[in-house]
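Here the working numbering is used: position 62 in the sequence shown is 50, and no number is missing along the way. Every residue, glycine too, gets a C-beta built ideally from N, C-alpha and C. Notes follow the structure.
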Amino acid sequence: MEREKLGSRLGFILISAGCAIGIGNVWKFPYVAGQYGGGVFLFFYLIFLVLLGIPVMTMEFASGRAAGTSPARLLKRLEPEHTRWHWYTPCILAGNWLLMMFYTVVTGWMLRYFCDMVTGQFVNATQAQISEHYTGMLSDAGSLILFTVLVVITGFGICARGLQAGLEKATKWMMGALLVIMVILAANSLLSAGAAEGVRYLFVPDIARAREIGLGSVIAAAMNQAFFTLSLGIGAMAIFGSYIGKDRRLFGESLNVAVLDTFVALTAALIVIPSCFAYGVETAAGPGLIFVTLPNIFAAMPLGRLWGALFFLFLSFAAFSTILAVFENIISSTMDLTGWTRKKTCLICAAAMIVLSLPCALGFNLLAGVQPLGEGSTIMDLEDFLVSNILLPLGSLVFVLFCTWKQGWGWDSFRKEANTGQGLRFPAWSHVYCKYLLPVIIAVILITGILPG
């Protein structure tokens, strides 16, 4: 059977950006920017995005396009004879499954909160009631499972329609709606009284505040956020490289995806941080910022029910865009390994994903006693640790070494593929940086992520 291709360049950019755009942008970025000093953090974030994210993304795109197959076969197809790079393939596949085992659950939270906003659950609610609503949701095993199953079935149902008719069509519509909703929400936030102080906080570097936090801590946080924001290291970008033609150079396409990803992250911060300043709420509230702090703001805001519903719809779209992209990676890899049809693959993978997501959903209630990373931790914390702290940086390190060392696919082969077509060339002068310094930086991220506290 002939391998299906994406129908347009726009579809490729939106799907790739959709994979990158997710909870890390709209949930984590605003509160991390708040914790680490706003403008100074943003300055280093953009630097590391260029130094880390874009080169690794280009390597994933190039290896995927050159192989013309899923990550299940990619390393085997491109590796030199008598080498064993393909031994890492199970880790790439495991990363996709592990990520979705908790990502589908958290997406269910977003969807649940959208429904609760629409039905007026937070109207006239007190701060205590809003906090209790969040803890109540986590303790309700039935509700968590229901919304997780809904997310899984919807995601695989869309992908079952095919690459163009399902994934590409749905992503174009969803990303378009996401961007429109974001602009509306950001405009509303910026028009709030006192919002200008939040904008200054976000964009104007405050060196004194950065020194108080610790400049090293700010740089490390910016480096980690820039690295992890693009979902690199598990072949999630390589699969879409395999679905495109050779008419465009890949460095420019990576830059387009990174710009769109950064736009969403900054717009999310513009939605959240000025609103926090306008209503006197702490910007460094941590993960609870989304599910506890912001509902309090919406409850006090004129037309708060409408703005809250739009916000959680935006969050749901952002999370779903990543889910559809990673599901496609899982589907394509499974089809390559088994020879099953797309619909059979989606049916079996959906059933498996529902079962595998249960430990995370139950880890907040029936399995709350299971604390794998120490007191207070959850099963989701373990899954997140394995993906974010180990598999993403380790996989990125493998892709970088594979594309730059002659014992792997090699620098010349990588640049030839990346520079095929029209657009920006991947710079030849970056060879020394990509071959020696970039792996060291990624290794530092990997080691510091594994070491305790």
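Gly357 versus Gly351 - alpha carbon distance: 8 Å
Proximal residues to Tyr33 (C-beta, below 7 Å), its chain only, five neighbours per side dropped: Ala210, Gln213 and Ala214
CB of Pro262 within 7 Å of CB of Leu167, strictly: no
Leu126 to Leu354 span [Cα, whole Å]: 10 Å
Residue closest to Leu370, alpha-carbon to alpha-carbon, out of Glu48, Val94, Ala183 and Cys348: Cys348
Sequence-distant residues of its chain with Cβ nearer than 7 Å to Ile201 (five each side left out): Tyr24 and Gly25
Beta-bridge pairing of Gln410 - partner residues as DSSP gives them: Arg236
Supposed contact pair Lys(-7) and Gly233 - C-beta distance, whole angstroms, cut 8 Å: 7 Å
Inter-residue CB distance, Pro381 and Ile342 (contact presumed, cutoff 8 Å): Contact flag wrong, Cβ pair sits at about 29 Å.
Pairwise C-alpha distance: Arg(-3) and Tyr231: 10 Å
DSSP three-state assignment for Trp393, whether helix, strand or coil: coil
Proximal residues to Asp280 (C-beta, below 7 Å), its chain only, five neighbours per side dropped: In the sequence as displayed, the identity of residue 280 is Val instead of Asp. Excluding positions up to five away in sequence, the list reads Ile118, Ser119 and Tyr122.
8 Å contact criterion, which Phe308 and Thr95 should meet: CB distance rounded: 6 Å
Residue of Tyr421, Ile438, Val386 and Arg403 minimising C-alpha distance to Arg72: Val386
Test item: CB-CB of Ser320 and Ile227 under 7 Å: yes
Contact the segment 243 to 255 vs the segment 62 to 76: 3+ CB pairs below 8 Å: no
Segments of 4+ residues assigned as alpha helix (DSSP H) that fall wholly inside the segment 258 to 311: 282 to 288
Which listed residue (Arg330, Leu86 and Phe299) has its alpha carbon closest to that of Gly154: Arg330
Helix, strand or coil at His74 [DSSP, three-state]: helix
Val372 in three-state terms, based on DSSP: For the sequence presented, residue 372 should be read as Asp rather than Val. The answer is helix: DSSP assigns Asp372 an H, G or I state.
Beta-carbon proximity of Leu37 to Ser51, cut-off 7 Å: no
C-beta atoms of Arg237 and Gly(-1) nearer than 7 Å: no
Contact under 7 Å by Cβ, Met98 with Gly296: no
Cβ-based neighbour list, Ser345, same chain, cut-off 8 Å, excluding 5 preceding and 5 following: Met88, Met89, Phe90, Thr92, Val93, Thr136 and Val140
Between the CA atoms of Glu270 and Ser418 - distance to the nearest angstrom: 42 Å
Counted within 10 angstroms of its Cβ, other Cβ atoms place Ala175 as buried (16 or more) or exposed: exposed
C-beta contact flag for Ala148 and Cys337 at 7 Å: no
Whole runs of the alpha helix (DSSP H) within the segment -2 to 82, excluding any shorter than 4 residues: 17 to 23, 27 to 36, 42 to 55 and 59 to 66
7 Å CB neighbourhood of Glu185 in its chain, flanking five on each side removed: Phe265
Distance, Glu316 Cα to Thr326 Cα: 15 Å
Local conformation of Gln109 per DSSP, three classes: coil
Helix, strand or coil at Leu355 according to DSSP, with G and I counted as helix: coil
Contacts around Pro18, its chain only, beta-carbon distance under 8 Å, and the 5 residues preceding and following it disregarded: Ala256, Ala257, Ile259, Val260, Ile261, Thr271 and Leu277
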